[in-house]
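Q:
This is how it looks when you write it as structure tokens:
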């Protein structure tokens with residue numbers, strides 16, 4: 001939860017004067033988002049969200065993320081749509097930070113997604129991939145496979161301190177990923193969300209009604225996005241004390257894959273690559289969490305997520321032999 | 001900023017089933033409120049706020065706070081109105097916490113109130129006092145004068161560590177407060193907010209449009225409420241490094257008092273008591289901040305407010321001889 005940058009009355013009024021949105025009627029910090037400051041903003045023209053991008057975001061990449069959301073919205077895919085000022089630009093500056101207003105999106109993020117929601121998410125993910133087929137901008141995945149060995153370097157002891165022998169699991173996973181890496185590069189590629197966790201998706205009841213937080217979006221293997229979702233939607237939620245007991249929920253995973261394939265069927269090569277892609281995506285989140293875990297002082301404002309939840313997924317994927325084990 | 005209690009999808013759905021509000025369309029943690037968890041809640045019937053009361057709140061007192069807001073709303077005073085369930089009760093349980101839904105109130109809390117807003121606040125405070133004249137419930141002020149000596153006991157060193165010689169100021173203030181205390185008890189009494197800081201009031205432009213966060217409301221001297229507001233609205237905002245340079249803004253203070261008197265003129269005894277009431281109210285916030293400051297570990301989730309901002313007010317009020325110094 002986060003509001004890092006306070007916005008003064010005068011700064012907000014001046015900022016809004018660049019838009020045709022009328023005056024502010026309500027403005028409240030939202031306890032969401034680890035990277036940015038987010039505000040609920042109501043004006044005479046409706047409800048919006050205002051995001052201020054904090055230091056961890058590379059300002060040069062913001063036009064990509066804004067263009068992506070504009071493209072999705074134009075295609076009718078439900079996502080927060082950047083709102084243009086009267087000068088036709090969506091990205092401007094507020095309290096010294098890059099800032100953007102986006103449309104309000106209705107929906108709730110499921111805390112424990114059910115099987116029907118997993119199916120809906122799979123359909124939504126595939127619809128998003130199709131909607132982005134003709135999106136012209138590209139962005140390298142800064143957290144792709146090449147970033148993993150440097151993230152792991154020097155963290156063997158940190159991993160084993162979390163769970164004795166964990167470094168063996170990580171090393172074994174690296175061997176499998178290295179073997180599969182070349183085939184990854186030949187998979188159908190496009191624009192992927194790369195972080196479509198349950199807290200980045202909206203549902204009304206069981207109906208998928210939107211995706212947001214596109215700040216890890218990039219160009220990459222479409223099936224990698226599916227693997228990220230299998231990891232984040234189809235494992236039954238763990239907790240800090242018992243993260244090692246996380247288990248793959250076959251019904252949820254199979255529903256997610258079936259939902260995806262009902263819109264965009266996987267190619268044979270994507271299907272074959274699924275276990276390695278799941279392993280790779282588990283590695284990505286394990287390593288960034290391990291790095292955050294090691295570098296965050298005790299009692300910090302934002303509590304880091306437990307890397308062990310992803311260590312459990314690594315161990316699971318290491319044992320998997322084929323896509324059928326995931327319900328594909 | 002705070003969301004202490006997470007609400008599961010199932011718990012929210014079950015909770016809402018007790019109301020005629022339809023299904024949830026949006027549910028977001030709000031980065032406001034130090035004591036409680038607050039959520040923006042949108043349902044098929046409109047926008048609301050949901051508050052979960054955390055451990056620092058005495059559940060036995062909640063009916064008082066809810067009754068107070070119901071009374072104010074019935075009188076047409078703008079505040080969040082508790083929403084009744086189908087069973088006619090507003091207070092129920094969610095995730096093991098007492099919880100209440102209140103109506104959405106439009107407005108923005110001024111970060112640096114201007115003179116016109118101070119006048120509007122004074123008018124609003126007096127309207128609130130009049131609207132509560134026939135409110136039958138009572139609550140003792142748990143942070144009234146009798147609570148101050150125990151809060152101060154044992155904190156001399158902590159005060160002097162913040163600012164050399166500060167304990168002399170506090171002791172001198174205690175002498176003056178003790179002299180005035182009996183006359184406090186003879187002032188016109190009623191239901192007071194007791195914490196109407198700028199972040200607990202809403203404005204649209206310069207127009208006062210509501211008060212909220214009534215969780216310190218109690219029965220007490222009406223003019224004490226005015227003194228709390230003079231302390232929190234009419235001193236130009238300081239910061240942690242330079243809290244001792246805070247100064248009374250006479251234009252703001254005079255406007256606040258004039259606004260109040262335009263609705264409810266002060267009695268001669270209230271006017272005479274104003275310097276001592278300002279000193280007492282500054283003492284109350286100085287002492288609670290000092291206690292929070294001493295007891296909060298470095299790097300805690302909620303950063304305590306700097307007691308020195310109120311030490312500066314104590315020193316100012318000690319020098320004041322009469323109400324005319326405040327613009328009354």
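Chains as they are written, first to last, in the numbering used here: chain A, 1 to 328; chain B, 1 to 328. We put the beta carbon where it would ideally sit given N, CA and C, even for glycine. Remember, it's a predicted structure, so these values are computed and weren't measured experimentally.
Starting from the beta carbon of residue 236 of chain A, find every residue of chain B whose beta carbon is closer than 9 Å, and list them in chain order.
A: Simply none; closest approach about 14 Å.
Q: Since residue 42 of chain A meets chain B, which of its residues come closer than 8 Å, beta carbon to beta carbon?
A: In chain order: 106.
Q: Suppose contacts are defined by Cβ-Cβ distances below 9 Å. Is residue 177 of chain A in contact with residue 283 of chain A by that definition?
A: In this structure, residue 283 of chain A lies closer than 9 Å to residue 177 of chain A by Cβ.
Q: I need the straight-line Cα distance from residue 117 of chain B to residue 208 of chain B, nearest angstrom please.
A: Roughly 7 Å between the two C-alpha positions.
Q: Using 9 Å as the limit for Cβ to Cβ distance, is residue 121 of chain A near chain B?
A: Not an interface residue.
Q: Using DSSP with H/G/I as helix, E/B as strand and the rest coil, what is residue 85 of chain B?
A: Reduced to three states, the DSSP call for residue 85 of chain B is coil.
Q: Output the distance between the C-alpha atoms of residue 311 of chain A and residue 291 of chain B, rounded to the nearest integer angstrom.
A: About 43 Å.
Q: Determine whether the beta carbon atoms of residue 329 of chain B and residue 139 of chain B lie at a separation below 9 Å.
A: Not covered by the structure: residue 329 of chain B. The range shown for chain B is 1 to 328.
Q: Identify whether residue 41 of chain B lies in helix, strand or coil by the three-state DSSP scheme.
A: Strand at residue 41 of chain B.
Q: Per DSSP, which one or two residues make a beta bridge with residue 211 of chain B?
A: In DSSP, residue 211 of chain B forms a bridge with B:201.
Q: Can we say the region 54-73 of chain B touches the region 55-75 of chain A, given the rule of at least three CB pairs closer than 8 Å?
A: Judged by Cβ distances under 8 Å, the region 54-73 of chain B makes no contact with the region 55-75 of chain A, as fewer than three pairs qualify.
Q: What are the boundary residues of the alpha helix (DSSP H) that residue 222 of chain B is part of?
A: Unbroken alpha helix (DSSP H) run through residue 222 of chain B: 222-233.
Q: Name the two residues that bound the continuous alpha helix (DSSP H) containing residue 103 of chain B.
A: Note, residue 103 of chain B: premise wrong, no alpha helix (DSSP H); beta strand (DSSP E) at 97-103.
Q: Is the Cβ of residue 110 of chain B closer than 9 Å to any Cβ of chain A?
A: For residue 110 of chain B, the answer is yes, since a Cβ of chain A falls inside 9 Å of its Cβ.
Q: Rounded C-beta distance between residue 48 of chain A and residue 102 of chain A? I'm assuming under 8 Å.
A: Yes, residue 48 of chain A and residue 102 of chain A are in contact; Cβ-Cβ is about 7 Å, under 8 Å.
Q: Are the Cβ atoms of residue 189 of chain B and residue 222 of chain B separated by less than 9 Å?
A: Yes, the pair counts as a contact, with Cβ atoms nearer than the cut-off.
Q: Look at residue 91 of chain B and residue 52 of chain B and say whether their C-beta atoms are less than 9 Å apart.
A: It is not a contact, given that the beta carbons lie outside the stated cut-off.
Q: Given that residue 21 of chain A touches chain B, what residues does it touch there, using C-beta distances under 9 Å?
A: By Cβ distance, chain B contributes nothing, its closest Cβ being about 14 Å from residue 21 of chain A, past 9 Å.
Q: Report the residue ranges of all alpha helix (DSSP H) runs contained in full by the region 134-159 of chain B; include only those spanning at least 4 residues, in chain order.
A: You should have 148-152.
Q: Beta-carbon of residue 28 of chain A versus every beta-carbon of chain B: anything under 9 Å?
A: Yes, residue 28 of chain A lies at the interface with chain B (some Cβ there is under 9 Å from its Cβ).
Q: Is DSSP giving residue 278 of chain A helix, strand or coil here?
A: Note: residue 278 of chain A maps to helix in three-state DSSP.
Q: Since I believe residue 32 of chain B is in contact with residue 29 of chain A (beta carbons under 8 Å), could you give me their beta-carbon distance rounded to a whole number of angstroms?
A: About 7 Å separates the two Cβ atoms, so the contact holds.
Q: When we look at the beta-carbon of residue 240 of chain B and count the other beta-carbons within 10 Å, is it buried (16 or more) or exposed?
A: Note that residue 240 of chain B scores a pLDDT of 46, beneath 50, so its modelled location is shaky and nothing firm can be said.
Q: For residue 343 of chain B, count neighbouring C-beta atoms within 10 Å of its own C-beta (all shown protein chains included) and say buried if the count is 16 or more, exposed if not.
A: A question about residue 343 of chain B goes unanswered here, because the residues of chain B that appear run from 1 up to 328.
Q: What does residue 32 of chain B reach in chain A if we use C-beta pairs closer than 7 Å?
A: By Cβ distance, chain A contributes 28, 29.
Q: Classify residue 149 of chain B: buried if its beta carbon has 16 or more other beta carbons within 10 angstroms, exposed otherwise.
A: By the 10 Å Cβ count, residue 149 of chain B comes out exposed.
Q: Name the chain A residues that come within less than 8 Å of residue 146 of chain B, Cβ to Cβ?
A: Neighbours of residue 146 of chain B on chain A: none; closest Cβ ~35 Å, over 8 Å.
Q: Looking only at its own chain, which residues have a Cβ that is under 7 Å from the Cβ of residue 173 of chain A, when we skip the five neighbours before and after it?
A: Correct list, in chain order: 279, 283, 314, 318.
Q: Could you spell out the range, first to last residue, of the alpha helix (DSSP H) harbouring residue 111 of chain B?
A: Premise fails: residue 111 of chain B is in no alpha helix (DSSP H) and is neither H nor E.
Q: Let's test the definition: count the other Cβ atoms within 10 Å of the Cβ of residue 46 of chain B and tell me whether it reaches 16, buried, or not, exposed.
A: Burial call: exposed.
Q: Using beta carbons (cut-off 9 Å, strictly below), is residue 8 of chain B in contact with chain A?
A: Chain A, which has a Cβ nearer than 9 Å to the Cβ of residue 8 of chain B, makes this yes.
Q: Output the distance between the C-alpha atoms of residue 44 of chain A and residue 167 of chain B, rounded to the nearest integer angstrom.
A: Cα to Cα, the separation comes out at about 50 Å.
Q: Give the range of the alpha helix (DSSP H) segment to which residue 319 of chain A is assigned.
A: Unbroken alpha helix (DSSP H) run through residue 319 of chain A: 308-319.
Q: Kindly indicate which residue of B:135, B:27, B:11, B:79 has the alpha-carbon position closest to the one of residue 201 of chain B.
A: Closest by alpha carbon: B:79.
Q: Look at the Cβ atom of residue 107 of chain B, then the Cβ atom of residue 210 of chain B, and state whether they are nearer than 9 Å.
A: Yes, they are a contact pair.
Q: With residue 229 of chain B and residue 125 of chain B assumed to form a contact (beta carbons below 8 Å), what rounded beta-carbon distance in angstroms separates them?
A: About 6 Å separates the two Cβ atoms, so the contact holds.
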